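Protein chains: 2
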Amino acid sequence: AFELQKFKKNDFVVEEGKTSRFMGFIETGMFQYYVIQDGEERTNYVSIENTFFASVLSFISETPSLEYVKALVDGSISMISKTNLKMLLNEIPAFKDFYIGLLEASLCGIDASRYDLIVLTAEQRYEKMLTNEPHLLQQIPLQHLASMLGVTPRHLSRIRSKIR
Amino acid sequence: AFELQKFKKNDFVVEEGKTSRFMGFIETGMFQYYVIQDGEERTNYVSIENTFFASVLSFISETPSLEYVKALVDGSISMISKTNLKMLLNEIPAFKDFYIGLLEASLCGIDASRYDLIVLTAEQRYEKMLTNEPHLLQQIPLQHLASMLGVTPRHLSRIRSKIR
DNA sequence: TTCTCTTTTAGACATTTGTCTAGTATAAAG
DNA sequence: CTTTATACTAGACAAATGTCTAAAAGAGAA
Numbered sequence: 078a079f080e081l082q083k084f085k086k087n088d089f090v091v092e093e094g095k096t097s098r099f100m101g102f103i104e105t106g107m108f109q110y111y112v113i114q115d116g117e118e119r120t121n122y123v124s125i126e127n128t129f130f131a132s133v134l135s136f137i138s139e140t141p142s143l144e145y146v147k148a149l150v151d152g153s154i155s156m157i158s159k160t161n162l163k164m165l166l167n168e169i170p171a172f173k174d175f176y177i178g179l180l181e182a183s184l185c186g187i188d189a190s191r192y193d194l195i196v197l198t199a200e201q202r203y204e205k206m207l208t209n210e211p212h213l214l215q216q217i218p219l220q221h222l223a224s225m226l227g228v229t230p231r232h233l234s235r236i237r238s239k240i241r
Numbered sequence: 078a079f080e081l082q083k084f085k086k087n088d089f090v091v092e093e094g095k096t097s098r099f100m101g102f103i104e105t106g107m108f109q110y111y112v113i114q115d116g117e118e119r120t121n122y123v124s125i126e127n128t129f130f131a132s133v134l135s136f137i138s139e140t141p142s143l144e145y146v147k148a149l150v151d152g153s154i155s156m157i158s159k160t161n162l163k164m165l166l167n168e169i170p171a172f173k174d175f176y177i178g179l180l181e182a183s184l185c186g187i188d189a190s191r192y193d194l195i196v197l198t199a200e201q202r203y204e205k206m207l208t209n210e211p212h213l214l215q216q217i218p219l220q221h222l223a224s225m226l227g228v229t230p231r232h233l234s235r236i237r238s239k240i241r
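Protein chains in written order, with the numbering used here: chain X, 78 to 241; chain P, 78 to 241.
Here's what the structure looks like:
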């Protein structure tokens, strides 16, 4: 039910206004989730290989996506359509448990992330990323990391020069 | 499998350090999710009647809670233990679908909320709450609303006086 | 009513963060 | 090698937000 889909740099996986009917597992590459606001990109997240892919709201509620997802470099995602997902869920009982586990893990991750945005300062969030997800720092351009941390590139640069 | 549990004002539903083995549905009342940082409460969320209750990370991963959940007024929650939840999931196929729906809805909600924290200014978040969740404004003390919005009470006061 | 406790507002000032701009470095392209 | 584009850093200033403090306004309790 899964199918490997390849993307070249700057290809769109999801476009604003179009319903995203696929989820998947990122085999290679780096994908940027963002919205356009006042003509500017605001990055929500950048996900990398060996993580799950989905434009959550659009995929789950089958409504037009509010966000874009774009390949930052060439990459590939093992994709499953919503139709096939439903089919697997109905036909294979164990797959339901797998899907539940996936949803639970996503929920925990995003809940923790939301806490950090409210509870921690930008500097603390950067330090946490530094210790917990150092691989992101090596792979993801700083301008996007800044947005993920909820600050401008200018400010992230300040934080980095202060810490170093 | 559900059991109505009553709480008096300032009772703890979940305490930091203790694993929370229940989830539920809030029948009445108002419950504050927060962490203590540098001796101060940082509110993540306040949930009210007719919504689901769970200290997500602790309940799902069965680890000690990082947060407190406290009743802000007298209230009651229809609670189900993790043990009973597992039992229902195993014995009633349709319950699995219900649980999947619950997880999906939670994921969408928290994803949108995280976007707002990154993409919108504090003022925009307040205005959004004003139009989308006006009932929260009437029920939840401003000091907690401020924390949910990711700002200090002082600043929320400024935003309110500016908008009015 | 009066008293006390809690919530909300707000002034003054400090800190954080954003905007605008430019410079430097690095890498890719011709 | 030169040229161009992109990423990163940083100065100067402005705007947003936090801290500290106090006063006003409400809500209960005696």
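Cβ atoms here follow ideal geometry from the backbone N, Cα and C, with glycine treated the same way.
All figures in this text were calculated on a predicted structure; none of them were measured in a lab.
Neighbour-count burial assignment, residue i, 16 or more Cβ in a 10 Å radius
i	result
X/Lys147	buried
X/Ser97	buried
P/Asp115	exposed
P/Thr120	buried
P/Ile169	exposed
X/Ser138	exposed
P/Ser238	exposed
P/Ile217	buried
X/Ile236	buried
P/Gly178	exposed
P/Arg191	buried
X/Leu219	exposed
Strand pairing of residue i, partner residues [DSSP]
i	result
X/Arg119	X/Val112
P/Gln82	P/Ile154
X/Ile103	X/Ile154
P/Ser124	P/Phe108
X/Lys147	X/Phe89 and X/Gln109
X/Ala131	X/Met100
P/Pro141	P/Thr96
Sub-8 Å separation of residue i and residue j beta-carbons
i	j	result
X/Phe136	X/Lys173	no
P/Leu143	P/Glu93	yes
P/Val112	X/Val196	yes
P/Phe108	P/Asp151	no
P/Val123	P/His221	yes
P/Ile157	P/Phe130	no
X/Lys86	X/Leu149	yes
X/Leu214	X/Ala223	no
X/Asn161	X/Ala78	yes
P/Asp176	P/Phe89	The residue asked about is misnamed: residue 176 of chain P is Tyr in this sequence, not Asp. For P/Tyr176 and P/Phe89, no; Cβs fall outside 8 Å.
P/Thr105	P/Glu118	no
X/Leu207	P/Leu194	no
X/Leu134	X/Thr140	yes
X/Leu180	P/Leu180	yes
(request) Report yes or no: do three or more beta-carbon pairs, one from the stretch 94 to 113 of chain P and one from the stretch 193 to 204 of chain P, lie closer than 8 Å? (result) no
(message) As an exercise, report each continuous alpha helix (DSSP H) stretch of at least 4 residues that is fully enclosed by the stretch 191 to 224 of chain X, in chain order.
(response) Every alpha helix (DSSP H) of 4 residues or more that sits fully in the stretch 191 to 224 of chain X is shown, in chain order, as 199 to 209 and 211 to 216.
(message) Would the stretch 171 to 191 of chain P count as touching the stretch 184 to 199 of chain X if we require 3 or more Cβ pairs under 8 Å?
(response) yes
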